[in-house]
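Below is one structure, written out as structure tokens; comments come after it.
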Amino acid sequence: MDTYKKRPIRHPLLYLSIIGLLAVILLLTWNIWIGIIVAIVMAIGIVYAWTVEKKTFENIEKYIESLSHRLKKVGEEALLEMPIGILLINDKYHIEWANPFMLNILNVDSLLGEEVFSLSDDLRQLLKTDEKHEFIVSIGERKYQVIYKQTERLLYFFDVTEQLQIEKKYYADRTVIAILFIDNYDEITQGMDDQTRSLTNTLVTSIINEWAATYGIYVKRISSDRFLAILNESILSEIEKGKFAILDDIREKTSQKNLSLTLSIGVGAGSSSLIKLGELAQSSLDLVLGRGGDQIAIKQPNGKLKFYGGKTNPVEKRTRVRARVISHALQDLIQESDQVFIMGHKNPDMDSIGASMGVRKMVEKNKVKGYIIVNFDELNGSVSRLFNEIEKSPEVYENFISPEEARAKMTEKSLLVVVDTHKPSLVIDENLVKDCEKVVIIDHHRRGEDFISNPTLVYMEPYASSTCELVTELLEYQPENNRISKLEATALLSGIIVDTKSFTLRTGARTFEAASYLRTYGADTVLVQRLLKEDVNTYIERSKIIQTVEFVYPGMAIAHGEESRFYDTVLIAQTADILLAMKDVSASFVIAHRPDGLIGISARSLGEINVQLIMEKLGGGGHLTNAACQIEVETITEAIQLLKKAIIELYEGSNEE
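The UniProt record's numbering puts the first residue of the sequence shown at 1, with every later residue one more than the last.
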């Protein structure tokens, strides 16, 4: 508007008028009659141009005034009549003005002087923080999106009730795909006749169909041990509230027929793509089976996971055939490599070192150079005593190298074998895993969400007692040349003994077969006992920790170390084992400061309580009966509170990860 008031077209007209006047004067000096004619024409043109300019300016001015008036009227109309609530507040959060729509929302005549928080306490979080300037609040039975203009102290209220209802309905109706897998169907039905197998199929199908009909799920049997289920998010939410009771139903009803069948379910949710849902469901099922089965995993496209079940000890169901196939596949990978590097987890234990030595023996049997990667600064306790024995055998000790040496030696044709862990965050050097093109994983832990990406070969058996047991079985199918030495057999046996607590926990028939095989090659049980011996001071330290024990739930005992001291990780684990042997203790948790600055929690149970799920809530993992985690908090008191919260959430809330 200011541009038009300055009338910018007048300047060109003025310049033209002056130029015309000069031209007329020049013409008059040259020819008076021509000058007069041009002067008359020029005068008419100039008068006409100035008249048009004036008329145009007056018209534009009238239009702008009219538009301004209309805009002002529209603004007043919008302020007073549009369905948007508007509040003006002072610096003490009292209302100074409200538009009619806002008064109509609240069904009051005036809001002048009232505190804005009296409308909804949700506004307190919006107004007293600089982080958010938009918020959804409830007023009566309606939902409003509130936008806060902090500088003007102005609040806008937009009714989004219907929008939120539509969103809720949209998300509730989204498709969910689930794959149901009968864990041990082949093993159970292998020796059955046709009639018994048919009755078993009918029993399982009827249980699953009855469950599906209850919730309105479409379910279809797609193979002897698999079902495909189609449902939506609202049904899934309803099933989650019941903690997937189908797991308990199928276990109990089949056990009455002496069948002992269990069910695993992989669920894909949170996507509008059916292909993506199918991939998520299959990925979830793979994860569940890697954790031992008898569980449910629900996976979202963003990677978020929820687990349900996992209350029972997994039943041993790996076969000799699988061990032989994996052994031959590993043999091919070794022979295709120029050298093989073996790496366990940080702060190695006997199982990690023993398994590493066993894999290196496999490499040696295939006439390829193998190296075991260790961080020599992390060796302690029984592992350091084992290394004292290894140093007496130079031909074995020379194959232990640091991560830096491994990085210098590694080539494109090298193979990396990771033992006793599958989590990249727990390996000795995560960069080595990223740099190596071929990676093999051998582990006995239940599979967690954090997993080494794109491994070439995976041999994960959560039913095994230890990684040493798995490696021993693989060794049996390797070439007969280059016998296992007495020291290597002893190291493997030590790993089995430590992880089974001298054959008392997680011990199956295959565990004793592996131990027998190692004894055949000279494994020294006396040396094992000498390696696992402890000093009197360690025993006293454990006793001091046990004195702090308290029970948070019936059967759940928590003990902790001193705030001002650091404790060896092995000591923490051993204390949890001893505490579990006490009367009325079904699960034990020991918390203490670790040498690396973190606070460690070691958890043990007899099988009635799944300590793995509790540790996973705190960022750790492990087995149903043996798990651990590390927490980045300052004090043991904080760690105890987090542990108690995780236990309460698990047994009073959902098993969400």
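Where a beta carbon is used, it is the ideal one built from N, C-alpha and C, also for glycine.
As DSSP reads the structure, W97 sits in a beta bridge with L88.
Nearest to T472 by alpha-carbon distance, out of E437, A515, A509, G508, is A515. Taking 7 Å as the cut-off, the Cβ atoms of V24 and V38 count as close. By the criterion of a C-beta distance shorter than 6 Å, W97 is surrounded in its chain by L88, once the five residues flanking it on both sides are discounted. A direct Cα-to-Cα measurement between E391 and G354 gives close to 15 Å. DSSP places L259 outside both helix and strand once states are collapsed to three, so it counts as coil.
Remark: fewer than three beta-carbon pairs, one from each stretch, lie closer than 8 Å, so the stretch 136-156 and the stretch 235-252 are not flagged as touching.
In this structure G309 is buried. Its beta-carbon is surrounded by 16 or more other beta-carbon atoms within 10 angstroms. Contact holds between the stretch 164-183 and the stretch 210-226, because three or more Cβ pairs, one in each stretch, are under 8 Å apart. Partner residues in the beta bridge of A297, as assigned by DSSP, are G266, F307. In the three-state reduction of the DSSP assignment, Q125 falls in the helix class. Partner residues in the beta bridge of H593, as assigned by DSSP, are F566, I599. Between the stretch 584-603 and the stretch 552-565 there are three or more C-beta pairs closer than 8 Å, enough to call the two in contact. C-alpha of R530 to C-alpha of E389: approximately 11 Å in a straight line. Apart from the 5 residues on each side of it in sequence, Q331 sits with its Cβ closer than 7 Å to the Cβ of N366, Q478 in its chain, given in chain order. The DSSP-derived three-state label of R506 is coil. A check of alpha carbon separations from D596 across E449, L487, D377 identifies D377 as the nearest. When DSSP assignments are scanned along the stretch 414-465, the uninterrupted stretches of alpha helix (DSSP H) that are 4 or more residues long and fall wholly within it turn out to be 430-435. Taking 7 Å as the cut-off, the Cβ atoms of T569 and N375 do not count as close. Approximately 7 Å separates the beta-carbon atoms of L203 and T254; this is inside 8 Å, confirming the contact. The continuous stretches of beta strand (DSSP E) do not include K533, and DSSP gives it neither H nor E. Counting only residues of its own chain and dropping the five nearest sequence neighbours on each side, L426 has a CB closer than 8 Å to the CB of H345, K346. One thing to note: I442 has its Cβ no nearer than 7 Å to the Cβ of C468. In this structure R447 is buried. Its beta-carbon is surrounded by 16 or more other beta-carbon atoms within 10 angstroms. The C-beta distance from K486 to V552 rounds to 46 Å, too long to fall under 8 Å, and the pair is not in contact. Collapsing the DSSP output to three states places A581 in coil.
Around the beta carbon of K299, 16 or more other beta carbons lie within 10 angstroms, which makes this residue buried. The residue from K276, L259, S272, L285 with its alpha-carbon nearest to that of G266 is L285.
Going by beta carbons, S414 and Q335 fall outside the 7 Å limit. Using a 10 angstroms sphere on the CB of E616, the tally of other CB atoms reaches 16 or more, which defines it as buried.
Cβ neighbours of K361 within its own chain (closer than 7 Å, five residues either side excluded): L475, I484, E488. Under the DSSP definition of a beta bridge, M556 partners with Y553, A587. Shortest Cα-Cα distance from S234 to any of G620, A172, E562 involves A172. By a beta-carbon distance limit of 8 Å, P403 contacts I373. Their separation comes to about 6 Å. Residue environment: V363 is assigned as buried (16 or more neighbouring CB atoms within 10 Å of its CB, all protein chains considered).
Distances from the alpha-carbon of N232 to those of H328, R174, G600 put R174 closest.
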